[in-house]
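Below you'll find the structure, written out as structure tokens, and then a few comments.
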Amino acid sequence: MADACESRSTRRGRVVSCDASSAREMSGRQVPASADDVPTTYTLFNPLNLDASKDRHASAPAPSKSAAGYISYDEVQKHNTPDSCWVIVEGQVYDVTSVLGWHPGGVPAILNNSGKDITTHRKVFKSIHPPNTLRRIPIEAHLGPIDPATMPVDANQPTEEELRIAEARKHIPSPSAVINLDEIEDIAKKVLTTTAWAYYRSTADDENTYYENSAAYKRFWFRPRVMNKISQVSTSTTLFGLPSSLPIYISPTALMRLGHPDGEMNATRAAGQEGILQGISNNASCSTEECMAVKRPEQHLIFQLYLNKDRAASEAIIRNIESQGFKAIMLTVDAAVPGKRELDQRTKGGDLKDMPAAFGKSNTGGGLGVSHAISGYQDPDVCWDDVPWLKSRTKLPIIIKGIQCVEDAERAFESGVQAIVLSNHGGRELDFSPAPMTVLYELHQRRPDLIQKHEVYIDGGVRRGTDVLKALCLGARGVGLGRPFLYANGVWGEEGCRRVVQILREEIITGMQLMGVTSLDQLRPELVQYVDRDPPARTR
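Numbering of the sequence shown is given in this note's numbering, commencing with residue 68 and proceeding in unit increments.
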């Protein structure tokens with residue numbers, strides 16, 4: 068082994084860390100160095116093989132290479148089965164057959180792209196995977212560089228969808244010209260890819276819960292107080308024990324790179340600039356290290372956790388985010404299995420039409436969609452016994468996200484968690500599950516003592532500053548928003564995420580002034596009343 072390399076054993080196998088030149092020497096291949104030949108440290112995971120007779124690669128033939136050491140595109144295309152699965156990433160060929168067993172998205176997500184350049188084919192790799200993903204692949208699975216002369220001529224030609232998006236982007240306004248969150252959604256629909264829009268916008272079944280999430284706020288009307296001095300207003304507060312300039316936070320959302328190359332990092336930068344909190348999803352397309360690297364020194368991040376079927380994997384994640392300085396864990400419990408998100412399924416159905424059900428289709432014949440592709444690792448058997456288990460594994464505050472009834476709110480606080488989030492996963496899981504605002508109102512009526520003693524948060528369907536104020540009047544500590552940031556990120560990136568916060572800030576301040584209050588602690592139940600009718604139909 069080269070002198071510049073260091074080897075050590077870990078639970079995952081033998082880890083070899085070396086500089087770039089030594090890594091290329093070890094691999095036995097001429098892996099191209101960076102353009103500037105900047106010294107780089109690679110961490111190469113070489114899993115220990117305790118039974119070589121069971122190693123499918125032990126007797127696998129070496130890839131056919133040209134005299135220059137390149138692998139032809141035709142050769143790669145031959146390897147598109149569960150027994151031999153190759154892909155191209157950034158000009159390099161990888162044998163990912165061994166990955167099929169542990170890939171979080173399951174077998175179909177890989178097989179559907181086998182034999183292809185997944186850097187360009189539907190932009191599938193970068194938009195979903197954190198940059199350190201390839202480190203989990205054994206070094207021997209890196210087969211070598213693709214022969215560029217054998218690549219299809221049209222491989223890098225713009226697709227019809229890319230041309231559509233480029234034309235739509237010529238007509239988008241500046242962020243400052245947009246004055247409400249619905250406008251941002253309308254623009255995003257025009258400029259996002261079909262896959263991104265389907266994943267972000269998709270909801271369960273007939274979308275009743277999705278629409279009810281917003282409609283529930285409209286059944287609460289204000290009882291404003293007048294003739295108060297309201298020229299000076301403060302929106303500062305603490306959420307999850309952390310300072311915030313507004314009673315809102317960015318809910319953890321997956322795959323923001325589907326909308327913009329910088330993905331969740333845009334939201335992190337925007338949250339830091341605007342002084343609010345952000346939750347980082349377990350399924351984020353940016354790594355936690357990337358988000359931590361771009362946050363401001365005084366900024367705080369919360370990590371959203373889905374418990375893995377392999378609890379050891381969850382423990383490793385917990386240790387990692389603790390070491391990085393995350394301030395709390397938001398355990399999500401309202402997505403035990405993926406809901407039937409038909410828009411997402413329709414978008415993916417054609418891709419999987421020729422695959423057997425075991426490799427990528429639902430039992431009803433439709434495609435499973437992006438939501439299934441990223442959630443295969445999640446444990447459907449999470450139960451209340453897992454709360455004390457999680458508490459025993461971390462000293463961070465624990466927040467349960469996904470409470471949908473008073474009884475579970477009671478049980479959550481009995482388990483000793485620091486806060487709960489009333490949520491139905493944005494209407495993406497169980498259709499006809501109650502709107503969070505409805506659950507908050509029921510909690511206020513039946514167990515006001517819980518709201519007084521503990522921190523209760525709410526998310527789902529929030530599109531106006533007045534929605535935020537209504538929730539706070541009924542006792543919510545703060546309100547989370549997800550889709551508006553996904554849409555804004557897809558249109559303008561960081562500046563779009565900032566514009567979402569700015570619009571809500573303006574609406575919250577104006578709403579407080581017109582209600583006759585100057586600080587958030589003045590928002591009380593007597594300032595709203597429930598009206599059992601829908602508001603007049605909108606004309607726009």
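C-beta: ideal position from N, C-alpha, C; glycine also.
Problem set entry | For TRP559 and ASP329, the rounded distance between their alpha carbons | 11 Å
Exercise. Under the three-state reduction of DSSP, which class applies to LYS237: helix, strand or coil?
Worked result: coil
Exercise. Would you call ILE470 buried or exposed, if buried means 16 or more other Cβ atoms sit within 10 Å of its Cβ?
Worked result: buried
For this session: Please classify PHE499: is it buried, with 16 or more other beta-carbons within 10 angstroms of its beta-carbon, or exposed?
Result: exposed
Problem set entry | LEU230, buried or exposed, once every other Cβ within 10 Å from all chains shown has been counted against 16 | exposed
Exercise. Would you call VAL454 buried or exposed, if buried means 16 or more other Cβ atoms sit within 10 Å of its Cβ?
Worked result: buried
Problem set entry | DSSP three-state assignment for GLY563, whether helix, strand or coil | helix
Problem set entry | 3-residue-minimum beta strand (DSSP E) runs that sit fully inside the segment 498-559, ordered along the chain | 522-526 and 545-548
For this session: Return helix, strand or coil for ALA265, following the three-state DSSP convention.
Result: helix
For this session: Please confirm whether SER318 and GLY342 have their CB atoms less than 7 Å apart.
Result: no
Exercise. Going by DSSP, what residues sit across from TYR316 in a beta bridge?
Worked result: LEU344 and GLY547
Problem set entry | Best match in GLN589, GLN596 and MET504 for proximity to ASN295 [C-alpha to C-alpha] | GLN589
Problem set entry | Per-residue DSSP class, three states only, for PHE289 | strand
For this session: Measure the alpha-carbon distance for ASN280 versus LEU374 and round it to whole angstroms.
Result: 26 Å
Problem set entry | Inter-stretch contact at 8 Å, needing at least 3 Cβ pairs: the segment 478-494 / the segment 543-552 | yes
Exercise. Beta carbon of LYS407, beta carbon of ALA271: below 7 Å?
Worked result: yes
Problem set entry | Whole-angstrom C-beta distance between VAL523 and LEU313, which should lie under 8 Å | Not confirmed; about 17 Å, so no contact.
For this session: Indicate whether GLY158 and PRO242 have their beta-carbon atoms separated by less than 7 Å.
Result: no
Exercise. In the structure shown, what three-state DSSP assignment does LYS468 receive?
Worked result: strand
For this session: Look up MET397 in the DSSP assignment and give the residues it is bridged to.
Result: GLN371 and ILE466
Exercise. Roughly how many angstroms separate the alpha carbons of MET579 and LYS537, rounded to a whole number?
Worked result: 11 Å
Problem set entry | Neighbour-count burial assignment, VAL584, 16 or more Cβ in a 10 Å radius | buried
Exercise. Using the beta-carbon count (16 or more within 10 Å), is ALA125 buried or exposed?
Worked result: Confidence at ALA125 is low in this model, with a pLDDT of 44, below 50, so the placement of that residue is unreliable and no value is reported for it.
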